[in-house]
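Single-structure report; data block below.
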Amino acid sequence: MRLIVALFFNLLLVPSSSANALRPLFGSGPDSVALAVSNGDTTAASDTTRLAPRALKNPAALAPADTSKPTLRDVQGRISTYTVAPGVTWHYAKPRPFRWLLHIPRDLGQFPGYAFRKENTGTFVGLAVSSVALWAIDQPLLEWAQDLGRSMNLNARSTQTTLVYIPFRVGSVNLPFEFNVPDNLNSTFYYIGDGWTHLSVATGFWVYGGIKKDNRALQTSSQLGEAILSTGLVVQALKRSTGRQSPFVSTKDRGEWHLFPSFTRYQSSVPKYDAFPTGHLATAMATVTVIADNYSEYRFIRPLGYSLMGLLGYSMLNNGVHWASDYPVGIALGYAFAKLAVRNGRTRVEAPLDPATEGTGMAPPPPKHQPWYRQGKFAPYTYGPFTGASWSLRW
Numbered sequence: 001m002r003l004i005v006a007l008f009f010n011l012l013l014v015p016s017s018s019a020n021a022l023r024p025l026f027g028s029g030p031d032s033v034a035l036a037v038s039n040g041d042t043t044a045a046s047d048t049t050r051l052a053p054r055a056l057k058n059p060a061a062l063a064p065a066d067t068s069k070p071t072l073r074d075v076q077g078r079i080s081t082y083t084v085a086p087g088v089t090w091h092y093a094k095p096r097p098f099r100w101l102l103h104i105p106r107d108l109g110q111f112p113g114y115a116f117r118k119e120n121t122g123t124f125v126g127l128a129v130s131s132v133a134l135w136a137i138d139q140p141l142l143e144w145a146q147d148l149g150r151s152m153n154l155n156a157r158s159t160q161t162t163l164v165y166i167p168f169r170v171g172s173v174n175l176p177f178e179f180n181v182p183d184n185l186n187s188t189f190y191y192i193g194d195g196w197t198h199l200s201v202a203t204g205f206w207v208y209g210g211i212k213k214d215n216r217a218l219q220t221s222s223q224l225g226e227a228i229l230s231t232g233l234v235v236q237a238l239k240r241s242t243g244r245q246s247p248f249v250s251t252k253d254r255g256e257w258h259l260f261p262s263f264t265r266y267q268s269s270v271p272k273y274d275a276f277p278t279g280h281l282a283t284a285m286a287t288v289t290v291i292a293d294n295y296s297e298y299r300f301i302r303p304l305g306y307s308l309m310g311l312l313g314y315s316m317l318n319n320g321v322h323w324a325s326d327y328p329v330g331i332a333l334g335y336a337f338a339k340l341a342v343r344n345g346r347t348r349v350e351a352p353l354d355p356a357t358e359g360t361g362m363a364p365p366p367p368k369h370q371p372w373y374r375q376g377k378f379a380p381y382t383y384g385p386f387t388g389a390s391w392s393l394r395w
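For the sequence shown, UniProt numbering assigns the number 1 to the initial residue and increments by one for each residue that follows.
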């Protein structure tokens, strides 16, 4: 129900001095219209926006800007504050180029405190139970996946075409720079977890954020790099500690475990020691989580991302790169480091930032709940020669 109480002031009956005194109060007149941006600064719309006389005939032209929309820019022309749901507003600072590399030690240091909390006990129990349960049926699951692939004429070989190859060595370690593309369907599914795929996604956000001056996109790009590299370091440490055989080189059912193989032994035949945990699904989970958390208003991101991860998981069983029991820990690692990167890359605000709290991550407390009869809103307006105010109430 909407109740409107209008108070009309006929400018023809009000002395000109009084009318001029009312204009600053009601925001009428052809003066510049000030817009309050999300970071607390006040700038004129397009610096010196003048209202054309015909605009005075349209009350909507004088309506205050909706500061909840992610289109308002600060004095540098950047978009930094986003309301993604009622009462959920995030502030993003512009990240410095490659500063995220310096955040990786911080994330690695925060990981134990973030992961090993009392409230995560159920999660660890679930990880342990699911990993052991999958380990018990690893061999039949692998054979079922490969039989399914053969029945669909899905080539299990992971074959790629090399487009760019630049040799590079560090001592005895061969670390070439190469860019490959898949040349069959199963390889395409497998490529979802390739490092180039995630690098391309992060680069896309970086380019978009730079062009549009969008801090959220720039922060998403930085968080992707931070989360993926942090996840990769922990995954590699676990691979080099557990030494589990990949299915396609296994010498017995479910593969052998060679704990703590030497560096030389590991490098001489990587597939014999690097099955557990999966790095492909770990980085895929990190990518999906970072994007979904930052763009939570787009509800399709998680279902789409998890569906692609399902195809990736199947392809790694079909081509014999991983066992199913390699998946739970890898997925959990990617999720945890994504959450850390997102948590450190944005600030929750309860209202548009106040100048006194700019950069502190603090905001004024939300207003106390008011009874229904005090929830009306008073709004000034100008229509032709008339100046007035309206009070509206909805329930």
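Using N, Cα and C, we set each Cβ at its ideal position, and we do this for glycine too.
Please read these numbers as outputs of a predicted model, since none were measured by experiment.
To the nearest angstrom, how far is the alpha carbon of residue i from that of residue j?
| i | j | result |
| --- | --- | --- |
| residue 192 | residue 152 | 20 Å |
| residue 334 | residue 284 | 7 Å |
| residue 78 | residue 337 | 28 Å |
| residue 174 | residue 111 | 31 Å |
| residue 262 | residue 256 | 16 Å |
| residue 122 | residue 114 | 14 Å |
| residue 292 | residue 298 | 8 Å |
| residue 196 | residue 282 | 14 Å |
| residue 252 | residue 156 | 20 Å |
| residue 51 | residue 212 | Low local confidence applies: a pLDDT of 38 at residue 51 is under 50, so the model's placement there is unreliable, with the coordinate-based value given in what follows. So the alpha carbons of these two residues sit roughly 27 Å apart. |
| residue 127 | residue 303 | 21 Å |
| residue 102 | residue 339 | 17 Å |
| residue 129 | residue 194 | 28 Å |
| residue 149 | residue 143 | 10 Å |
| residue 184 | residue 118 | 46 Å |
| residue 278 | residue 322 | 7 Å |
| residue 247 | residue 309 | 20 Å |
| residue 124 | residue 210 | 40 Å |
| residue 82 | residue 120 | 30 Å |
| residue 307 | residue 147 | 21 Å |
Considering only C-alpha positions, which residue in the set the options is nearest to residue i?
| i | options | result |
| --- | --- | --- |
| residue 243 | 253, 270 and 229 | 270 |
| residue 221 | 156, 90, 348 and 100 | 100 |
| residue 236 | 330, 170, 311 and 268 | 330 |
| residue 249 | 320, 232 and 124 | 320 |
| residue 341 | 171, 311, 150 and 106 | 106 |
| residue 276 | 90, 85 and 132 | 132 |
| residue 326 | 339, 280 and 346 | 280 |
| residue 232 | 213, 81, 247 and 286 | 286 |
| residue 348 | 90, 83 and 84 | 90 |
| residue 234 | 224, 343, 147 and 108 | 108 |
| residue 97 | 168, 136, 223 and 125 | 223 |
| residue 343 | 290, 126 and 148 | 290 |
| residue 398 | 266, 125, 172 and 154 | Because residue 398 is not part of the residues shown, which for the chain are 1 to 395, the question remains open. |
Which same chain residues end up closer than 8 Å to residue i when comparing Cβ atoms and leaving out the 5 residues on each side of it in sequence?
| i | result |
| --- | --- |
| residue 164 | 177, 178 and 179 |
| residue 259 | 241, 242 and 243 |
| residue 166 | 176, 177 and 178 |
| residue 162 | 178, 179 and 180 |
For residue i, which residues in the same chain have their Cβ closer than 6 Å to its Cβ, ignoring the five residues on either side in sequence?
| i | result |
| --- | --- |
| residue 403 | Residue 403 falls outside the range modelled here, since the chain spans only 1 to 395, and no answer is possible. |
| residue 182 | 160, 188 and 191 |
| residue 272 | 245 and 249 |
| residue 274 | 239 |
| residue 158 | 187, 190 and 319 |
| residue 92 | 80, 215, 216, 219 and 346 |
| residue 116 | none |
| residue 198 | 228, 283 and 287 |
| residue 305 | 288 |
| residue 202 | 221, 224 and 225 |
| residue 328 | 127, 130 and 131 |
Spell out whether any CB of chain B is found under 9 Å from the CB atom of residue i.
| i | result |
| --- | --- |
| residue 201 | Given the protein chain composition of this structure (a single chain), no chain B is represented. |
Given residue i, which residues of its chain have a CB within under 7 Å of its CB, disregarding the five upstream and five downstream residues?
| i | result |
| --- | --- |
| residue 324 | 134, 138, 141 and 317 |
| residue 264 | none |
| residue 200 | none |
| residue 295 | 301 |
| residue 403 | This structure cannot settle anything about residue 403, because the visible part of the chain is limited to 1 through 395. |
| residue 95 | 218, 219 and 222 |
| residue 404 | This structure gives no information on residue 404, because the portion of the chain shown stretches from 1 to 395. |
| residue 84 | 90, 296 and 297 |
| residue 267 | 173 |
| residue 332 | 127 |
| residue 168 | 175, 176 and 177 |
Quick check: the stretch 310-325 against the stretch 212-228, are at least 3 beta-carbon pairs closer than 8 Å? no
Quick one: which unbroken alpha helix (DSSP H) runs of 4-plus residues sit fully inside the stretch 165-191? Chain order, please. 185-191
Check whether the stretch 206-213 and the stretch 182-196 touch, using three or more Cβ-Cβ pairs below 8 Å as the test. no
Alpha helix (DSSP H) runs contained entirely in the stretch 98-136, provided each spans 4 or more residues: 100-115 and 121-136
What are the complete alpha helix (DSSP H) segments, minimum 4 residues, inside the stretch 260-296? 263-268 and 279-294
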